[in-house]
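Chemist: Below is one structure. I have some questions about it.
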Amino acid sequence: MIQSNLSRTELMTKATMAMVAVGLLASSGCHYRMVSSVCHAVPASRLDPNLFACPREDMAPLPYSALGQQRPVDHMIDAGDTLNAYIYGVFPTSVDETPVQQRGQAINQRYYPPRGNVVAPSAGLPITVDADGTITLPLIGKISVAGMTTQQAIEKILEKSREQQVLKEGKEQVTLELLIPRVKRIVVLREDTPSPAVTLASPQAVDQIHRGSGEVVDLPVYENDVLHALAATGGLPGTDAARELYVIRAGAGLNNAFMSADKLQSIVTGSEGGACNPGVIRIPLAGCPCEALPFMPEDVVLEDGDTVFIPRRNEYFIAAGMLPGGRVPLPRDEDVDVIEAIAMANGSAGGPLGRDGGVLAGGNVGNMREPTQVLILRTLPDGRQIPIRVDLDRAVYDAKERIRIQPDDVVMLHFKPFSAAFNGTFNWISGNSIVAAISRDND
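For the sequence shown, the working numbering assigns the number 1250 to the initial residue and increments by one for each residue that follows.
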């Protein structure tokens, strides 16, 4: 009887060992391909942190005054200006009643002039500077005033009237003031949300419905720049927009093909940009400290027909492996390391299968060893892909392992081979049939 019991115990032990071996082989087999890929991946601790983009938290905002232009001390007259002229006895021809003009601003109603809406009146009649930069006055004829201040134009009128003996000596009274400055009509297209209402969404919710905005704005001269165009159409780009904008020149020779924000960026930063296509200018609103501005002061000045384009920000990383699959949006102004990325993807580096301990509620062993191996597939600027290996056990105390996540990264969470084998083994030996058989044998 004792011999029979020993034989039965030996048989159960051998059966248990065989099942353990099968569990080890099964667990190892499931992860063989991933282990092979990880072996060829670059450890995150060996990568230079400066190899990739500048950290977002270290990026310095652009000095916003660089988006504007410097106003001259005196207004320089040019085509399109409306002047208020008064020449005693000549313009107007009657001196019985001197007309008074109320000066105003021919600009968009949403735009607030820097000196307010109330402008003092002036005496005289309005006269517009022609396209060739000249004005025509009775008895005097055409006078070129382009590039002059109002005081220089008055002296030019007096000189011309003396030559033609139009004004009587001692009664040379000439008044010339700016009535309506010339304006530049530009178009502002924004892909960020124009509504001031803020809508909160879960990290894994991908916003597929989005509405942009567009406005036609008349900007007075010396305020016809990117700074005033942004101020007139809602301010700086929101968090759903990229921290950059594009100035598309009118009549710059661009082809009529469809062009996305990525295409615009490739024009100004890739082989198509620079001197080959100066019609599109990229203006970043933030950059690495101490870097020179990548645009010239004249690039922010807008002319008739120019377009200011603010693209929407599409920055995601892909969660895969043991994580719930999906596209997870990245914050615009903050860096996200690999541990934070796992948490954002509704995972956890310290829980079984990336979840809480609820899987153990049924009394099963489950996965006692958590997944701590991450494979990041990253696309380089030249189009190549590089696999990066991260050990979460080391990342807890080694900052070199906490690599920053970049847009379009594929983050895959997996078990290490030993953890997979360990979990598989305990899942096999925790079966109720084995426990029951051993219990009956002991009885």
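Even glycine gets a Cβ: it sits at the ideal position worked out from N, Cα and C.
1. Roughly how many angstroms separate the alpha carbons of Asp1489 and Leu1629, rounded to a whole number?
2. Could you check what DSSP says for Tyr1646 in three-state terms: helix, strand or coil?
3. Take Asp1307 and list the residues in its own chain whose beta-carbon comes closer than 8 Å to its own, dropping the five residues that flank it on each side.
4. Taking Gln1634 as part of the alpha helix (DSSP H), name the residues at either end of that continuous run.
5. Rounded to the nearest angstrom, what separates Ala1293 and Arg1638 at their Cα positions?
6. So for Asp1548, helix, strand or coil by DSSP?
7. Should Leu1626 and Val1659 be called a contact, given that it needs their Cβ atoms to be closer than 9 Å?
8. Confirm, please, whether the CB-CB distance from Lys1433 to Leu1551 is below 9 Å.
9. Taking only three categories from DSSP, how would you classify His1693?
10. Going by DSSP, which residues form a beta bridge with Ala1309?
11. How about Val1423 and Tyr1337: are their beta carbons less than 9 Å apart?
12. Please state if the CB of Asp1474 and the CB of Gln1318 are separated by a distance shorter than 9 Å.
13. Helix, strand or coil: which one does DSSP assign to Pro1430?
14. Excluding the 5 residues flanking Arg1651 on each side, which residues of the same chain have their C-beta closer than 7 Å to its C-beta?
15. Measuring only the C-alpha atoms, how far is Asp1379 from Met1397?
16. At what residues does the beta strand (DSSP E) containing Met1661 begin and finish?
17. Assuming Val1496 contacts Asp1548 under a Cβ cut-off of 8 Å, what Cβ separation, rounded to an integer in Å, is found between them?
18. If you compare alpha carbons, which of Thr1383, Met1661, Ala1315 is closest to Gly1329?
19. Is it buried or exposed for Met1593, if we count other Cβ within 10 angstroms and need 16 for buried?
20. Using a Cβ-based criterion (distance less than 8 Å to any ligand heavy atom), does Ala1309 qualify as near the ligand PLP?
21. Is it buried or exposed, Gln1622, if we count other Cβ atoms within 10 angstroms and call 16 or more buried?
22. Please name the residue or residues paired with Gln1622 in a DSSP beta bridge.
23. From the DSSP secondary-structure annotation, give me the bridge partner or partners of Lys1391.
24. Roughly how far, in whole angstroms, is the beta-carbon of Leu1386 from the beta-carbon of Val1322, given that I think they are within contact range, below 8 Å?
25. Is it true that the CB of Ile1559 sits closer than 9 Å to the CB of Leu1438?
26. Using beta-carbon positions only, say whether Val1470 and Asp1327 come within less than 9 Å of one another.
27. Just to confirm, are Arg1531 and Leu1572 a CB contact at a threshold of 9 Å?
28. Within the continuous alpha helix (DSSP H) that includes Glu1589, where are the two ends?
29. Could you give the first and the last residue of the continuous beta strand (DSSP E) run that contains Thr1482?
30. Identify which residue in Ala1491, Ile1591, Gly1483, Leu1427 has its Cα closest to the Cα of Gln1400.
31. Cα separation between Pro1620 and Gly1574?
32. Measure from the alpha carbon of Pro1546 to the alpha carbon of each residue in Cys1303, Leu1296, Arg1320, then state which is nearest.
33. Which residue marks the beginning of the alpha helix (DSSP H) containing Ala1402, and which one marks its end?
34. Distance check for Arg1295 and Phe1301, CA to CA, integer angstroms please.
35. Since Thr1424 sits in a beta bridge, which residues does DSSP pair it with?
Modeler: Considering the structure as presented:
1. One Cα belongs to Asp1489, the other to Leu1629, and the distance between them is close to 24 Å.
2. Coil, per DSSP.
3. If you ignore the 5 residues before and after Asp1307, its C-beta comes within less than 8 Å of the C-beta of Cys1537, Pro1538, all in its own chain and listed in chain order.
4. From DSSP, Gln1634 is part of no alpha helix (DSSP H) but of the beta strand (DSSP E) over 1634 to 1640.
5. Each residue's alpha carbon lies about 6 Å from the other.
6. When DSSP states are grouped into helix, strand and coil, Asp1548 belongs to the helix group.
7. In this structure, Leu1626 places its C-beta atom within 9 Å of the C-beta atom of Val1659.
8. Cβ atoms of Leu1551 and Lys1433: closer than 9 Å.
9. No information on residue 1693 is available, as it lies outside the stretch 1250 to 1692 that the chain covers here.
10. Beta-bridge partners of Ala1309 (DSSP): Gly1536.
11. Result yes, Cβ atoms of Val1423 and Tyr1337 sit closer than 9 Å.
12. In this structure, the beta-carbon distance from Gln1318 to Asp1474 falls below 9 Å.
13. Assignment of Pro1430 by DSSP, reduced to helix, strand and coil, places it in the coil class.
14. Here the set comprises Asp1586, Val1587, Ile1588, Ala1644.
15. About 14 Å.
16. 1659 to 1663 is the span of the beta strand (DSSP E), which, as asked, contains Met1661.
17. About 7 Å separates the beta carbon of Val1496 from that of Asp1548, a gap short enough to meet the 8 Å contact definition.
18. Checked all of Thr1383, Met1661, Ala1315; the closest Cα to Gly1329 is Thr1383.
19. Result: buried.
20. By its list of ligands, the structure shown contains no ligand whatsoever, and the ligand PLP lies outside what it can speak to.
21. Buried, by the Cβ-count rule.
22. Secondary-structure assignment with DSSP links Gln1622 through a beta bridge to Asp1640, His1663.
23. Answer is Thr1385.
24. No, Leu1386 and Val1322 are not in contact; Cβ-Cβ is about 26 Å, not under 8 Å.
25. Result yes, Cβ atoms of Leu1438 and Ile1559 sit closer than 9 Å.
26. Yes, the pair counts as a contact, with Cβ atoms nearer than the cut-off.
27. Using a Cβ distance threshold of 9 Å, Arg1531 and Leu1572 do not count as a contacting pair.
28. It spans 1587 to 1593 - the alpha helix (DSSP H) in which Glu1589 sits, taken as one unbroken run.
29. Note, Thr1482: premise wrong, no beta strand (DSSP E); not H, not E.
30. Checking every option, the nearest Cα to that of Gln1400 belongs to Leu1427.
31. When rounded, the distance between both Cα atoms is 16 Å.
32. For Pro1546, the closest alpha carbon among the candidates Cys1303, Leu1296, Arg1320 is that of Arg1320.
33. From DSSP, the alpha helix (DSSP H) with Ala1402 extends over 1399 to 1412.
34. Taking the straight line from one Cα to the other gives about 13 Å.
35. Under the DSSP definition of a beta bridge, Thr1424 partners with Tyr1335.
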